[in-house]
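Asks: Residue numbers (our numbering): 308 to 756.
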Amino acid sequence: MTRSTTYRATQPNLSSPALALQVFRSGFFLIFFPLLLATLSACTGSTSSDDSGEPASQVLYVESNNPTSGQNSIFAYRRNSDGTLTAISGSPFLTGGTGHTNPTQKLGPNDLDQPIVVSPDKRRLYAVNAGSNSIAVMKINSDGSLTPVAGSPFASGGNNPVSIGLADNRLYVVNKSENGADVTTTLPNYTAFTIESDSKLTPIAGSTFEVRSGDSPSQALISKDKKILFGADFLAPAAITANPPIRSFTINASGTMTPAPGSPLNINRSDTGKAGALGLMVHPTQKILYVGYTQRDQVGVYTYTDDGALTYTTTTAVSGKAPCWIITNSSGSRIYTTNTVDGSVSVLDATNPLAPVEIQKLVLKEVGPLFEIMPGAMAVSSGAFQEALSPDGKNIYVVSQRATSDASYTQGNYLHVLNVASDGTLTEPGVPVVLAVPTTARPHGVVTF
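1) Measuring CB to CB, does residue 724 end up less than 8 Å from residue 508?
2) Which class does residue 407 belong to by DSSP, given the choice of helix, strand or coil?
3) Can you tell me which of the three DSSP states residue 747 falls into?
4) So the candidates are 388, 631, 450 and 531; which of them puts its Cα closest to the Cα of residue 473?
5) Excluding the 5 residues preceding and the 5 following residue 648 in the sequence, name in chain order all residues of the same chain whose CB lies nearer than 6 Å to its CB.
6) Let me check one thing: in DSSP terms, what residues is residue 538 bridge-paired to?
7) Under 7 Å Cβ to Cβ from residue 721, same chain only, skipping five residues before and after it: list those, please.
8) Out of curiosity, what's the CA-to-CA distance linking residue 601 and residue 359?
9) For residue 635, count neighbouring C-beta atoms within 10 Å of its own C-beta (all shown protein chains included) and say buried if the count is 16 or more, exposed if not.
10) Residue range of the beta strand (DSSP E) that residue 693 falls in?
11) Once the 5 residues before and after residue 694 are set aside, which same chain residues still bring their CB inside 8 Å of it?
12) Quick check on this structure: which residue in 372, 374 and 399 has the alpha carbon closest to the alpha carbon of residue 385?
13) Note down the Cα distance separating residue 387 from residue 569, rounded to an integer number of angstroms.
14) Just curious, the beta strand (DSSP E) that residue 648 is in, first and last residue?
15) Between 431, 620, 751 and 369, which lies nearest to residue 502 when the distance is taken from Cα to Cα?
16) Less than 8 Å between the beta carbons of residue 442 and residue 460, yes or no?
17) Which two residues bound the contiguous beta strand (DSSP E) that contains residue 620?
18) Does DSSP put residue 485 in a helix, in a strand, or in coil?
19) Give me the Cα-Cα distance between residue 462 and residue 406, rounded to the nearest whole angstrom.
20) Between residue 764 and residue 382, what straight-line distance do the alpha-carbon atoms span, to the nearest angstrom?
21) Applying the 10 Å Cβ sphere with the 16-neighbour rule, what's the burial state of residue 677?
22) Could you work out which residue in 525, 658, 453 and 373 is closest to residue 438 when comparing CA atoms only?
23) Considering Cα atoms alone, identify which of 380, 498, 409 and 419 is closest to residue 565.
24) Within this structure, are the beta carbons of residue 679 and residue 626 separated by less than 8 Å?
25) How long is the line joining the alpha carbons of residue 749 and residue 423, rounded to whole angstroms?
26) Going by other Cβ atoms of all chains shown within 10 Å of its Cβ, with 16 needed for buried, is residue 699 buried or exposed?
This is how it looks when you write it as structure tokens:
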């Protein structure tokens, strides 16, 4: 494992109102004002030069992950008042790259989280092109349509990018190095970019942190204060150890990363077998990290310090099979896990955030027939994957993927619309939206605002 500690010089804080006023009064306003605007826009990872009008709202995006060369794209929808979806004109929008190929349709190894993210000002969408080693940067127009920015897509800094995290004007990428169509000796890594004022991505010198071949890093989760990055080595139990590590890094002023004290932290040992850590989520107001233990049907609960050091607290069981992805509501009182193997969503009461308890399991519609995922173990043909909660907390949207190699089953790629009751429990009143992709494609990632 290697780590570089190269730092970049930081720019003066021209976003200070007092400094801006001083520049104006000094007679250099015309010289420095463009720089001031560029600096202010960089703080949000966007640009002001061509962003006229109000930002889009009531929209939702899903990545097609189309493995056909140059055909990866973003499905765009308008969210109606009842939570249902209407496709935006022109959707899907090409990313300029290629998705990840998975001709066998086996679950894993390219499971991931946060393949698409949106800037805080809702002006930019960032998406992985997992099959062509690049990151797409797309302008979100006021009607919700998408337009690539100049120069997009940008090299991902490694092989097989799968996850993106944002921290102010810095973008963090996990490169998994497991694209079956592109055998490589490149090690998996975490790496960082500066989002320039024109939305271009510039690699941050010394920011690349490599992990072992086969570790299968899956996520670049940024803490709420944007000072810590969390990751997990999803397939390490199969490749290296029965208890794969969770990683945490402190984000330095230069944008580089330093492993937090005690990182990587091995998942607690258990008589119930391997853990297979995948989905990570931080509590919205407290320093708590939730981890999906996919192979134990559990959620792990950890606390963390200001410098990112993790401490295991407890686990809680869910009745769903293989909890892989986790979200919370805005207060943190409810946790939702998507359970891939049985195509369900579990609801946990997290009134005590350190000891959540399952209160419901909802099996999604159209999960398809069962198939043998491994000797003696069955799974649904359409498994639940990533999820997103609407800003008003009234709907959860779940992406399901076709997970079987049975050629007779031609569906399975869906977007489910769930209603959230006042107590946080779920219903699925309508039929899921069909995501029109090739049968070898596995759509992933969902964001909404």
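Just so you know, even glycine gets a beta-carbon here, dropped at the ideal spot from N, CA and C.
Replies: The relevant details are as follows:
1) Here residue 724 refers to the residue found at position 417 when the sequence shown is read from its first residue. Here residue 508 refers to the residue found at position 201 when the sequence shown is read from its first residue. In this structure, residue 508 does not lie closer than 8 Å to residue 724 by Cβ.
2) Taking the first residue of the sequence shown as position 1, residue 407 is located at position 100. In this structure, residue 407 counts as coil in the three-state DSSP scheme.
3) Within the sequence shown, numbered from 1, the residue matching residue 747 stands at position 440. DSSP places residue 747 in coil when its eight states are reduced to three.
4) Taking the sequence shown and counting its residues from 1, the one referred to as residue 473 is at position 166. With distances taken between Cα atoms, residue 473 lies closest to 531.
5) Within the sequence shown, residue 648 is the residue found at index 341, counting from 1. Within the same chain, residue 648 has close Cβ partners 628, 629 and 686.
6) For the purposes of this step, residue 538 is taken as residue 231 along the sequence shown, with counting starting at 1. In DSSP, residue 538 forms a bridge with 554.
7) Here the question's residue 721 lines up with position 414 in the sequence shown. These residues qualify, in order along the chain: 673, 689, 707, 739, 740, 741 and 742.
8) Along the sequence shown, read from residue 1 onward, the residue named residue 601 stands at position 294. Along the sequence shown, read from residue 1 onward, the residue named residue 359 stands at position 52. Here the C-alpha atom of residue 601 lies approximately 44 Å from the C-alpha atom of residue 359.
9) Numbered from 1 along the sequence shown, position 328 holds the residue referred to as residue 635. Buried, since its Cβ has 16 or more Cβ neighbours within 10 Å.
10) Position 386 of the sequence shown, counting from 1, holds the residue named residue 693. Residues 689–696.
11) Taking the sequence shown and counting its residues from 1, the one referred to as residue 694 is at position 387. Here the set comprises 632, 634, 643, 645, 652, 703, 704, 705, 706 and 753.
12) Position 78 of the sequence shown, counted from the start, is the residue given in the question as residue 385. The candidate whose alpha carbon is nearest that of residue 385 is 399.
13) What you label residue 387 is simply residue 80 of the sequence shown in a count that begins at 1. What you label residue 569 is simply residue 262 of the sequence shown in a count that begins at 1. Looking at the two C-alpha atoms, the distance is approximately 46 Å.
14) The residue given as residue 648 occupies position 341 in the sequence shown. Unbroken run through residue 648: none, as it is neither H nor E.
15) The count along the sequence shown starts at 1 and reaches residue 502 at position 195. Ranking 431, 620, 751 and 369 by Cα distance to residue 502 puts 431 first.
16) Your numbering for residue 442 matches position 135 in the sequence shown. Your numbering for residue 460 matches position 153 in the sequence shown. Yes, the pair counts as a contact, with Cβ atoms nearer than the cut-off.
17) By 1-based counting over the sequence shown, the position of residue 620 is 313. Note, residue 620: beta strand (DSSP E), 617–624.
18) Here residue 485 is taken as the residue at index 178 of the sequence shown, counted from 1. In the three-state scheme derived from DSSP, where H, G and I count as helix and E and B as strand, residue 485 is classed as coil.
19) Along the sequence shown, read from residue 1 onward, the residue named residue 462 stands at position 155. Along the sequence shown, read from residue 1 onward, the residue named residue 406 stands at position 99. Between residue 462 and residue 406, the alpha-carbon positions lie close to 14 Å from each other.
20) The displayed coordinates of the chain run from 308 to 756. Any statement about residue 764 would go beyond what the structure contains.
21) Translated into the one-based positions of the sequence shown, residue 677 becomes position 370. Residue 677 comes out exposed.
22) Along the sequence shown, read from residue 1 onward, the residue named residue 438 stands at position 131. For residue 438, the nearest C-alpha among the options comes from 373.
23) As a first step, residue 565 is located in the sequence shown; it is residue number 258 there, counting from the start. Ranking 380, 498, 409 and 419 by Cα distance to residue 565 puts 498 first.
24) Stepping through the sequence shown from its first residue, residue 679 is reached at position 372. Stepping through the sequence shown from its first residue, residue 626 is reached at position 319. No, the Cβ-Cβ distance between residue 679 and residue 626 is not below 8 Å.
25) Reading the sequence shown from its first residue, position 442 is the one you call residue 749. Reading the sequence shown from its first residue, position 116 is the one you call residue 423. C-alpha separation (whole angstroms): 14 Å.
26) For the purposes of this step, residue 699 is taken as residue 392 along the sequence shown, with counting starting at 1. Answer is exposed; the Cβ neighbour count stays below 16.
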